[in-house]
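>
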Amino acid sequence: MTSAIKANKSIDCTGLFCPMPIVRTKQEMVGMKSGEVLEIVADDPGFAKDLPAWCGLTGEKFMEMKQEGQFFTGYVEKK
Amino acid sequence: MKDKITIILFSGELDKAIAAFTLATTAAAGNMEVTIFFTFWGLNILKKERLTLSATQKLMQKMFNLMSTSSLPISRLNMFGMGAWMMKKLMRKTNAASLQDLMKLAKELGVKYIACTASCSVLGLTAANLVGEVDEFAGAATYLSEAKEAKINLFI
């Protein structure tokens with residue numbers, strides 16, 4: 000998967016269901032610095048909507064959600 | 000100030016507990032302050048051991064503690080435990096988070112547990128019967144004072 004967005008870190012949440020991809024995202028973001036970008040790969044279809052919704056809750060910056068087949072790749076910038 | 004959510008966990012069924020803890024962990028991961036108030040059958044979720052009998056319990060309290068344990072049924076199609084067994088097996092197969100996983104996460108994310116003292120008294124339960132993760136033992140007024148500040152209040 001190539002992307003214009005440069006991620007500082009990437010996590011693989013494939014095979015995990017709600018709420019795990021969001022909880023893993025949160026846990027990963029805790030250790031990151033402001034302005035850094037996290038890439039999350041998941042195959043729970045709900046994740047495509049849940050990631051921007053979670054960013055709305057937390058104030059983290061939602062950048063992009065890409066879909067390739069059954070896989071979703073989301074990008075979030077730490078505020 | 001953080002947004003707040005409270006959940007009254009009245010039911011002692013596996014599926015309902017999973018729904019409650021899915022919301023609790025997601026809310027906590029969304030930087031919300033989360034309180035779960037465990038009352039009546041919901042206390043079964045917190046029982047440390049399967050059998051919570053003690054010498055001080057009255058006969059009917061012993062009966063309830065024998066028949067309503069930490070081995071949780073599911074709310075539909077339980078079929079004397081076969082349904083719950085099948086559900087757990089299915090969840091493992093599909094790699095869904097178990098109730099134990101979610102409860103561990105809930106504590107890591109700072110979810111607060113309050114156990115209802117009135118229900119504990121009626122059912123003959125003490126702090127010693129429940130897991131150490133319970134933050135407070137309190138009643139309806141404590142719950143309401145938290146719920147009043149919360150944006151989301153659920154009864155499950």
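In order, the protein sequences belong to chains Z and Y. Just so you know, numbering that gives the first Met the number 0 puts 70 at position 71 of the first sequence, and the rest follows in order with no gaps. Just so you know, numbering that gives the first Met the number 0 puts 24 at position 25 of the second sequence, and the rest follows in order with no gaps. Just so you know, even glycine gets a beta-carbon here, dropped at the ideal spot from N, CA and C.
Check whether chain Z comes within 8 Å of G29(Y), counting only Cβ atoms and requiring the distance to be less than that.
Yes, contact with chain Z.
> How would you call I7(Y), buried or exposed, if buried means at least 16 neighbouring beta carbons within 10 angstroms?
Label assigned to I7(Y): buried.
> For A149(Y), I'd like the list of residues in its chain whose CB is within less than 6 Å of its CB, leaving aside the five on either flank, ordered along the chain.
Around A149(Y): K3, I4 and T5.
> I'd like the span of the beta strand (DSSP E) that includes Q66(Z), first residue to last.
Element bounds for Q66(Z): K60 to E67.
> Consult DSSP for E27(Z) and reduce its assignment to one of helix, strand or coil.
The answer is helix: DSSP assigns E27(Z) an H, G or I state.
> Below 8 Å on the Cβ atoms is my guess for V36(Z) versus N7(Z); work out the distance and round it to an integer in Å.
Sure, about 5 Å apart at Cβ, within 8 Å.
> Sorted by chain position, which residues of the same chain lie with C-beta nearer than 8 Å to L42(Y)'s C-beta, five sequence neighbours on each side aside?
So the qualifying residues of the chain are G11, A114, C115, S118, C119, L122, L124 and L129.
> In the DSSP assignment, the alpha helix (DSSP H) including N152(Y) goes from what residue to what residue?
Here N152(Y) belongs to no alpha helix (DSSP H); instead the beta strand (DSSP E) covers I151 to F154.
> G75(Z) lies in the beta strand (DSSP E); which residues open and close that run?
At residue 75(Z) the sequence reads Val, which differs from the Gly that was named. Note, V75(Z): beta strand (DSSP E), F70 to E76.
> If distances are taken between C-alpha atoms only, which option among P72(Y), I151(Y), G131(Y) and K87(Y) comes closest to W40(Y)?
It is P72(Y).
> Does DSSP classify V40(Z) as helix, strand or coil?
Three-state DSSP puts V40(Z) in a strand.
> Secondary structure at S9(Z), three-state DSSP: helix, strand or coil?
Strand at S9(Z).
> Tell me the DSSP secondary structure of I17(Y) in three-state form.
Helix at I17(Y).
> For T13(Z), count neighbouring Cβ atoms within 10 angstroms of its own Cβ and tell me buried if that reaches 16, exposed if not.
Label assigned to T13(Z): exposed.
> Threshold first: 3 residues or longer. Then list the beta strand (DSSP E) segments lying entirely within the region 100 to 146 of chain Y, N to C.
Qualifying beta strand (DSSP E) stretches, in chain order: 111 to 115 and 135 to 137.
> Please name the residue or residues paired with L8(Y) in a DSSP beta bridge.
F37(Y), per the DSSP bridge assignment.
> Whole angstroms are fine: how far does the CA of L22(Y) sit from the CA of I35(Y)?
Taking the straight line joining both Cα atoms gives about 11 Å.
> I'd like to know if I10(Z) contacts chain Y, where contact means its C-beta is closer than 8 Å to some C-beta of that chain.
So no, I10(Z) is outside the interface.
> Buried or exposed for L89(Y), going by 16 or more other Cβ atoms inside 10 Å?
With fewer than 16 Cβ atoms within 10 Å of its Cβ, L89(Y) is classed as exposed.
> Counting only Cβ pairs nearer than 7 Å, list the residues of chain Y close to T57(Z).
Under the 7 Å cutoff, chain Y gives G29 and N30.
> Given that a residue counts as buried once 16 or more other Cβ atoms are within 10 Å of its Cβ, and exposed if not, what is A146(Y)?
Buried: at least 16 other Cβ atoms inside 10 Å.
> Residues of the region 66 to 99 of chain Y in Cβ contact with chain Z at a cutoff of 8 Å, in chain order, please.
Correct list: T93, N94, A95 and A96.
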